[in-house]
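J.:
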Amino acid sequence: MSAPPADRNAEGNFLGAALRHPAFIAGLVLTLLFVGAALLSYLWTPYDPTRLDIAAKLQTPTSGHWFGTDHFGRDIFSMLMVGARVSIAVAIIAVGIGVSLGVPLGLYAAAHRGSLLDEVVMRGNDLIFAFPSLLLAILITAVFGPGAVNAIIAIGIFNIPVFARLSRGAALSLWTREFVLAARVAGKGRARISVEHILPNLMNLLIVQGTIQFSLAVLAEAALAYVGLGAQPPLPSWGRMLADAQTFISLAPHLALFPGLAIVLTVLGLNLLGDGLRDLHDPRLRRART
Amino acid sequence: AQTDITVGMQLEPPNLDPTGGAAAAIDEVVYANVFEGLTRFTADGEVVPALAESWDISEDGLTYTFHLRDGVTFHDGSSFDAEDVKFSIDRARAEDSTNAQKALFADIQSVEAVDAQTVKITLSQPNGLFLFNMAWGDAVIVAPETADTLATDPVGTGPFAFATWTKGDSVALEKYAEYWGEAPRLDKVTFKFIPDPTAAFAAVMAGDVDAYPNFPAPENLEQFKADPRFTVIVGSTEGETILAMNNKKAPLDDIKIRQAISHAIDRQAIIDGALFGYGTPIGTHFAPHNPDYVDLTGQSAHDPEMARKLLDEAGVSDLTLSLKLPPPAYARRGGEIIAAQLKEVGITAEITNVEWAQWLEDVFKAKNFDLTIVSHTEPMDIGIYARDDYYFQYADADFKAILEELNKTTDPANRSELLGKAQRKIADDAVNAYLFQLPRTGVANAKIMGLWPNAPTQANDMTAVYWVD
Amino acid sequence: MTLYLLRRLLSLSLTLLAASIVVFLVTEIIPGDPAAFMMGINADPAAIAALRSELGLDQPVAFRYLNWIVGMLQGDFGQSYTYRVPVSELVGDRIAVSLPLTLYALALSTLIAFPAGVFAASRRNAPGDIAIMGVTQLGVAVPNFWFAMLLVLLFAITLQWFSAGGFPGWDAGVLVALKSLTLPAIALALPQASILARVMRSSLLDTLDEDFVRTARAKGLSRSQALWGHALRNALIPVLTIVGLQFSFLLAGGIIIENVFYLPGLGRLVFQAISQRDLIVVRSVIILLVFAVVAVTFLVDIAYAIADPRLRRQRR
Amino acid sequence: MSVLSVRNLDLKIGRIPILEDVDLTLDAGHILGIVGESGSGKSMTALAIMQLLPRAARWTGTIEVAGNDVGAMSERALCTMRGRDVSMIFQEPMTALNPVHTIGDQVAEVVRIHGEAGRRHAHARAIEVLGRVGLPPDRVAPDRYPHELSGGQRQRVAIAMAIALRPKLLIADEPTTALDVTTQAQILDLLRKLVREDGMGMMFITHDLAVVAGLADEVAVMKKGRVVETGPTRQLFRQMRHPYTRALFTASAHVPERQPRIETAATPVLEVRDVVRDYPRPRKNLFQAQAPFRAVDHVSLTVRAGENVGLVGESGCGKSTLARAILALEAVQAGEIHLNGKAFSSAGAGPDIRQRAAAQVVFQDPYGSFNPRHRVRRLVSEPFFLMPESPQDADRERRIGKALEDVGLTAGDADKYIHEFSGGQRQRIAIARALIIEPSLIVLDEAVSALDVSIRAQILDLLAGLSDRLGLSYLFISHDLTVVRAITDRVLVMQAGRIVEDGSTEDIFHNPRHPYTRSLLAATPSLAAALDEPSGETVET
Ligand SMILES: Nc1ncnc2c1ncn2[C@@H]1O[C@H](COP(=O)(O)OP(=O)(O)OP(=O)(O)O)[C@@H](O)[C@H]1O
Ligand SMILES: Nc1ncnc2c1ncn2[C@@H]1O[C@H](COP(=O)(O)OP(=O)(O)OP(=O)(O)O)[C@@H](O)[C@H]1O
Ligand SMILES: [Mg+2]
Ligand SMILES: [Mg+2]
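Taken in sequence, the protein lines are chains A, B, C and D. Using my numbering, you'd call the opening residue of the first sequence number 1 and step up by one each time. Using my numbering, you'd call the opening residue of the second sequence number 291 and step up by one each time. Using my numbering, you'd call the opening residue of the third sequence number 760 and step up by one each time. Using my numbering, you'd call the opening residue of the fourth sequence number 1076 and step up by one each time.
1) Considering just the uninterrupted stretch of the alpha helix (DSSP H) at K1298 (chain D), what are its terminal residues?
2) Between G361 (chain B) and the rest of its own chain, which residues show a CB-CB distance below 6 Å, the 5 nearest in sequence each way excluded?
3) Report yes or no: is there a C-beta of chain D within less than 7 Å of the C-beta of A1064 (chain C)?
4) Along the chain, where does the beta strand (DSSP E) containing A1644 (chain D) start, and where does it finish?
5) Confirm, please, whether the CB-CB distance from T45 (chain A) to S78 (chain A) is below 7 Å.
6) On the DSSP bridge list, what partners appear for G1540 (chain D)?
7) Hey, how far is the Cα of I1106 (chain D) from the Cα of Q1126 (chain D)?
8) Below 6 Å CB to CB, which residues in the same chain sit around R960 (chain C) once its five sequence neighbours on both sides are set aside?
9) How close, in whole Å, do the beta carbons of V899 (chain C) and P950 (chain C) come, if the pair is a contact with beta carbons under 8 Å?
10) Please say whether F331 (chain B) and T447 (chain B) have beta carbons closer to each other than 7 Å?
11) By how many angstroms is the C-alpha of A333 (chain B) removed from the C-alpha of Q549 (chain B)?
12) Measure the alpha-carbon distance for G932 (chain C) versus L1048 (chain C) and round it to whole angstroms.
13) Return the residue from the list D:A1598, D:R1348 and D:P1587 that minimises the CA-CA distance to T1251 (chain D).
14) Taking 7 Å as the threshold (C-beta atoms), are S215 (chain A) and V86 (chain A) in contact?
15) In the DSSP assignment, the beta strand (DSSP E) including M1169 (chain D) goes from what residue to what residue?
16) Excluding the five sequence neighbours on either side, which residues of its own chain have a C-beta within less than 8 Å of the C-beta of L277 (chain A), listed in chain order?
17) Under a three-way DSSP split, which group does P308 (chain B) fall into?
18) Thinking just about the alpha-carbon of each residue, which of D:E1405, D:T1120 and D:G1276 is nearest to the one in A1132 (chain D)?
19) Going along the chain, which residues of its own chain have a beta-carbon closer than 6 Å to the beta-carbon of A604 (chain B), five neighbours each way excluded?
20) Please state whether DSSP places S961 (chain C) in a helix, a strand or coil.
21) Can you look up Q399 (chain B) in the DSSP assignment and give me helix, strand or coil?
22) State the CB to CB distance for the pair V494 (chain B) and G298 (chain B), rounded to an integer number of angstroms; the pair is presumed to be in contact (CB under 8 Å).
23) If contacts are defined as beta-carbon pairs under 8 Å, then A990 (chain C) and T974 (chain C) qualify, I think. What distance do you get, rounded to the angstrom?
24) Who are the near neighbours of S2 (chain A) in its chain, counting only those whose CB is closer than 7 Å to its CB and skipping five residues on each side?
25) Enumerated in chain order, which unbroken segments of the beta strand (DSSP E) with a length of 3 residues or greater are wholly contained in the stretch 209-255 of chain A?
26) Could you tell me the alpha carbon to alpha carbon distance between R1453 (chain D) and P1441 (chain D), rounded to whole angstroms?
27) Could you give the distance in angstroms between the alpha-carbon of D608 (chain B) and the alpha-carbon of K539 (chain B)?
28) Thinking Q407 (chain B) and A372 (chain B) are a contact (beta carbons under 8 Å), I'd like their distance in whole angstroms, please.
29) Cβ-heavy atom distance between K938 (chain C) and ligand 1 below 6 Å?
30) Measure from the alpha carbon of G830 (chain C) to the alpha carbon of each residue in C:S847, C:T841, C:L816 and C:Y842, then state which is nearest.
31) Taking just the CA atoms, how far does A1066 (chain C) sit from F995 (chain C)?
32) Give me the chain D residues within the contact set of E729 (chain C), using Cβ-Cβ distance strictly less than 8 Å, ordered along the chain.
33) Have a look at B:A441, B:V499, B:P618 and B:H666 and flag the residue whose alpha-carbon is nearest the alpha-carbon of A534 (chain B).
34) Give me the chain C residues within the contact set of I295 (chain B), using Cβ-Cβ distance strictly less than 8 Å, ordered along the chain.
35) Could you spell out where the beta strand (DSSP E) holding D1180 (chain D) opens and where it closes?
36) What do you reckon, are the CB atoms on Q1570 (chain D) and C1392 (chain D) nearer than 7 Å?
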């Protein structure tokens, strides 16, 4: 007989299931930790992360400086807090660009399947996919100059086809669903159906993919900052902290350790969260678990 | 003892023709090793005879007659004579020349091969620096037959001949058996290009390179010092590192503001923070190891109070300036420190890291900047302050007059005085904030002798290098 | 099948054409003049102009684009501005490093991921599975350049088992060369292996839930016989896609790793070429990489058809 | 001798009880039919016997297969048993075969895996067995892949795999639900023949009483995880001691009462003229396009006011395509469609939106036809969009309430989400949605096929009542002839995109003229016919 739709009981026991999903909880906690640190950094950091104290440079962790100080004597903990802000902001906006351009394109292409525009959108996606992403990002920043904004654009561009493809694929299968046919019998146009019926049913998928893209964006931002193309000093950024720490790796390993861990844990948290969300939205898995 | 050596360098030369490119890395590989000029620099910056054994200078200082050395051959076996000299110099100063330092030849009116061993060069005006100019890597002598292929297959007269170039990795030189001078003690020299400072550290530590004369990460020198396997060589370069200011752009056209910036800066903190203590503070655009150097650092001593006062007097508050930083670590790190120091006196410096190409376009050519940090590594380059269209846009008439007089002067004492005057003038006008003389910090296997400690020019002269057991 | 191949080839060339235009335009608007860069800070404007005309930079844009394209079609990628040698020669040297490195990393990543994924899938939710999935979660999260730094710290500086980087060239002997590529390959392979293992596992789990696996079990196959004999080949398709993507990613994505280990690879070549404004090298290498991506996707598609008879038929 | 004996089988998945106290026995050479509604535990019983239960399942009781207690067997022994002593055919022939192995290999594998023969010999056996199930190598080569076969052929391959080693027990779990009637009839014949020839025992699971009545020697009726009644087929159906059995029986033979008021004189509600629907096929090569696939081939039909017209035909003959064309959900390549005498759509011209309200639709899938994220209120009122001035506020509420009440729900249900309803209720909501703007025609595409028999009966009653009360016309699409016979006045028979016969329902069923119609009718299992038949066919052993 027919399979129940993916989210038949989506709203009902989501919370309960979520609370019993250890990976989801771990991911949520890690993510909230870093988001919290980022938000807190607007109000308070232990030290001013841009204040140099050359005399106090390269201190190992102490009770005064929890994570020690860097080569300019800046407080690493404070820098990490503000760095979280940069990473998260860059990632959010970059993924936001991907979603806000990719999803409409994908929806449009699906609604007009086989049309010229569909073809153009899909080929355009292929084209972006075919480019080596880091290289193109470097090129983009070479054109516009380095900086957080341009890192966002560079990362954002590569998010567009991801979301366009995802939403087109999922939308195509939704278009054959009977509730969409019913809406068409009710006289609704393609655009309206895309917004009223297709989009809401893509939400879960988009949230899951969004989380994953978010973690990839954090990594990409770190990589760009590492090669010097991310947020510019004095704004701290995890990738640049790592790049700066490189030459101190045998002298003061903690300089590289903490930003590295920050990246790893954030990405880990987001991935766990994404996996958790996917499990929770997939009734087949949810049933097997409960 | 070992007769081959691997020398680490940060940048790979784009090509190997010192007369056709500006990159310092070219000279670092080929200067004095593969190519020689009429004169050359020694380790301490003196100009001595090279392919010219001796020379006579006419009374009016306009005619130089060079007597060339005998028995010199190029690496391809062809012999060296006056025609080669004439060809090389004419080529460098020709209309369509792509010599990066064409200015070196600007005063030459004619070159004449008197006979096989004699060359007469006539100048259009006396030039106290002419012999000095001829010692540059851009003035080396090449043979007409090979001139077009020097970029990839350099053929010179030096003690080492070019062997192989593994692009992206290394250039190897081999001892040239027919060398006219004293034979080098090494049979093989390999220059290995390791741009990443961490990789450089690891490579030295792991023994992949034997010497790294211009080590990019001063923070690691302590570790090398502590390790008996290595010696650390600390010397100086010709690089005056300055915080350049755009003198014509408001508000930096106000001397008070420029002075305020100079006083806001704590040189020692920059040297400690960016270079881990290596480097000599300077107060003007002149190398401290030069006998004519005048120490003017006191004139712009670190004094935030004073800086704030000057800003008040100039009537500015909430000043925001752009600070464009080229790639070298001294600039990037120094820039962060300077930004923090300027913040202390209420100036916001907005940092933009730029690549060299961008710096050249944006800062140097378009003069679209407020502040930037650069090390001017050409020797004796205070003359740039007299250039009309130079990027920091000083071109002060009085200063130009001083320099004009200097050019005409050959008497050492007078020259010395004029140089002092020039140094004071730019310091008084606070044209730029003068930071430090760029150090040359190298590391080498403790058994290697004969490396240059200083860098009077960009070179890794391997002629006198040898291993002890 | 031939029709399908023809169509794919056509769209492949269109993609390349579009990519060439994009790359050309992007490199065209990069601020910074190659000639000025090469001549340095004290250069005479006349000398810069002379160099510009020598490099052909003073010709109109459209002309230069066509020149480049026509040249490439004839196998002539032009001359590097800075190195002054044919780009093809430069690229050839670098591919001799990048390609083996890519294949090495890919081999490592598949060799690790494949058994790990299969093992985890066959023990769904057992401790072994959870452990492997935990490790791969970490592997995905670790930035490879950071991991590379740690590898250098441990194996090159502390233990001195490997050299810290550099590439002695293939002339130094295959084993020596491979040894120098080992740390970089590990650094590249770890995140890829993690991704691959996860895809392998989930794809296999999906397949294990399929009806035909149940049918196989009903025939009397044991759990592992059903896994190896029936599920694996069906599970391979998404894995192949990822392997294909990884190939092209690694070919260019090694830039940072190549920097950390100062390997003279393709990635570093472009990176350096960008900063030196050796635009012709930038263009040609990027087009080459795009070509590699498209070609690999094409090959993966063909591999699909081999793995899955349904596709063979559809495309005939 | 009994090949299967299940005693006191209790089964839980997680904490949820699935089966309780199930007892079954089956003798060699006999067919045991298991019937019951969806979810009653039929498949779980089968899987318990095979010991292929979901991971979370726990069971107690005794299951003996050919004298062996499966509960006491090791996994290795179970592997030896499966496929050799007991094998199973699954419901879905499309997915039960491995797409990347040839059918010959898949059949041979059973032989090989049990060490009965080497590779070459196993292959010979596979060819032989495939021949037995009607797939001789000269017609269907054993090196074909599953996707190169039709559904019926695939099911035969699955059967071949199951009988390759002549098992003592064969479990067939709804092996024909995915097939059209003609193919179903062939498969049933084949299975029957195999049981009789090889003397194996077969457990045949289905929800279709008619099928089981014509096939099984004994029947067990399941409800909510329990066996409520067992007995020899004919006896059980004659006596029907358990009320549930009786309910099942009446429901599956249910004919709603109708008083049709067909207005022959008035303009037809729907007029389809010469409609063609082509699907493009991939090009043969770069220069040569392939002729398109014609799914609907010059079809004309009329539906008059108050009339219920059935459209029957086997799977893939173009019924749904025609329905979509009528509703102008897809463009047609030729012909035109008129609603209430006015042109609605035609080749080259899009639908006349103002007319849309006249024709509404109810689809097959009660789960898939609603957006799960909207409340019933919004779902039901979606067609208001078609009205120039859609009713607002109180009027809107009133009409939503009325539509829900019309289909036997309450106005209060408007606030619920769709997942809070059962399948039958959902189908009612779908009908309410179609009714709410008072169309003159409702197209019902397999609207009751997904429902259990008892619910199906309710919905049929509802439809009949609505049509009588509101003077609605239906175009009722189904492959289930029994249902069509129960609810329609006139029937159109469709084959390969064409209407081959058109006549009043009674006429068509009693006096089919077209050979295709005849074969269709002959293949349709009939409960009444099966029970009337003399018992000659059943061979007692
Ligand atoms: N994997 C599973 N996990 C949990 N519950 C399940 C699982 N599979 C089936 N069930 C439940 O077990 C019960 C019996 O299911 P079963 O498949 O045996 O029904 P059925 O009689 O075969 O129905 P149908 O006619 O629809 O095939 C149902 O309530 C179903 O929801
Ligand atoms: N979008 C499409 N593209 C190509 N062919 C199609 C498409 N939709 C349907 N067909 C084909 O058209 C024919 C008729 O399909 P249709 O769905 O109308 O059959 P049906 O009679 O409703 O069958 P069923 O009883 O299985 O629902 C089938 O052969 C089908 O494969
Ligand atoms: Mg079932
Ligand atoms: Mg249909």
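For every residue, glycine included, the Cβ atom is placed at its ideal position computed from N, Cα and C.
T.: Put simply:
1) According to the DSSP assignment, K1298 (chain D) belongs to no alpha helix (DSSP H) but to the beta strand (DSSP E) extending over E1293 to K1298.
2) Result list for G361 (chain B): W470, in chain order.
3) When Cβ-Cβ separations below 7 Å define contact, A1064 (chain C) makes no contact with chain D.
4) The requested residue 1644 (chain D) does not occur in the structure, where chain D is confined to residues 1076 to 1616.
5) Contact check for S78 (chain A) against T45 (chain A) passes: the beta carbons are separated by less than 7 Å.
6) Answer by DSSP bridge pairing: none, since G1540 (chain D) is not bridged.
7) Distance between the alpha carbons of I1106 (chain D) and Q1126 (chain D) is about 21 Å.
8) So the list reads G876, A879 and A880, once near-sequence residues are dropped.
9) Their Cβ separation, rounded to whole angstroms, is 6 Å, which keeps V899 (chain C) and P950 (chain C) in contact under 8 Å.
10) In this structure, the beta-carbon distance from T447 (chain B) to F331 (chain B) does not fall below 7 Å.
11) Spanning the two alpha carbons is a distance of roughly 36 Å.
12) So the two alpha carbons sit approximately 28 Å from each other.
13) Looking from the CA of T1251 (chain D), the closest CA among D:A1598, D:R1348 and D:P1587 belongs to D:A1598.
14) Not a contact, by the Cβ cut-off of 7 Å.
15) Careful: M1169 (chain D) lies outside any beta strand (DSSP E) and carries neither H nor E.
16) Closer than 8 Å at Cβ, skipping near neighbours: F24, N204, I207, V208 and T211.
17) If DSSP states are grouped into helix, strand and coil, P308 (chain B) belongs with coil.
18) Measuring C-alpha to C-alpha distances from A1132 (chain D) to each of D:E1405, D:T1120 and D:G1276 identifies D:T1120 as the nearest.
19) Beyond the five residues adjoining it in sequence on each side, A604 (chain B) comes within less than 6 Å, by CB distance, of D544, K546 and I547 in the same chain, given in chain order.
20) Helix.
21) Of the three classes helix, strand and coil, the one that applies to Q399 (chain B) here is strand, per DSSP.
22) The Cβ separation is near 7 Å, so the contact holds.
23) Contact check for A990 (chain C) and T974 (chain C): beta-carbon distance about 12 Å, past the 8 Å limit, so the pair fails to qualify.
24) Interpretation of S2 (chain A) is limited by its pLDDT of 36, a score under 50 that renders its predicted location unreliable; no figure is taken from the coordinates.
25) Within the stretch 209-255 of chain A, no complete beta strand (DSSP E) run reaches 3 residues.
26) Inter-residue distance for R1453 (chain D) and P1441 (chain D) is about 17 Å (C-alpha atoms, whole angstroms).
27) Using only the alpha carbons, I get a separation of about 17 Å.
28) Going by Cβ atoms, the distance from Q407 (chain B) to A372 (chain B) rounds to 6 Å, so yes, they are a contact pair.
29) K938 (chain C): no, Cβ never under 6 Å from ligand 1.
30) Closest option to G830 (chain C), Cα to Cα, is C:S847.
31) The amino acid at residue 995 (chain C) is misidentified as Phe; the sequence shows Leu. Rounded to whole angstroms, L995 (chain C) to A1066 (chain C) spans 8 Å at the Cα level.
32) The first residue shown for chain C is 760 and the last is 1075, placing residue 729 (chain C) beyond what the model contains.
33) That would be B:H666, whose Cα lies nearest to the Cα of A534 (chain B).
34) What I295 (chain B) touches in chain C: nothing, since even the nearest Cβ is about 15 Å away.
35) Looking at the DSSP string, D1180 (chain D) is not in any beta strand (DSSP E); the run it does join, the alpha helix (DSSP H), is I1178 to I1188.
36) A contact, by the Cβ cut-off of 7 Å.
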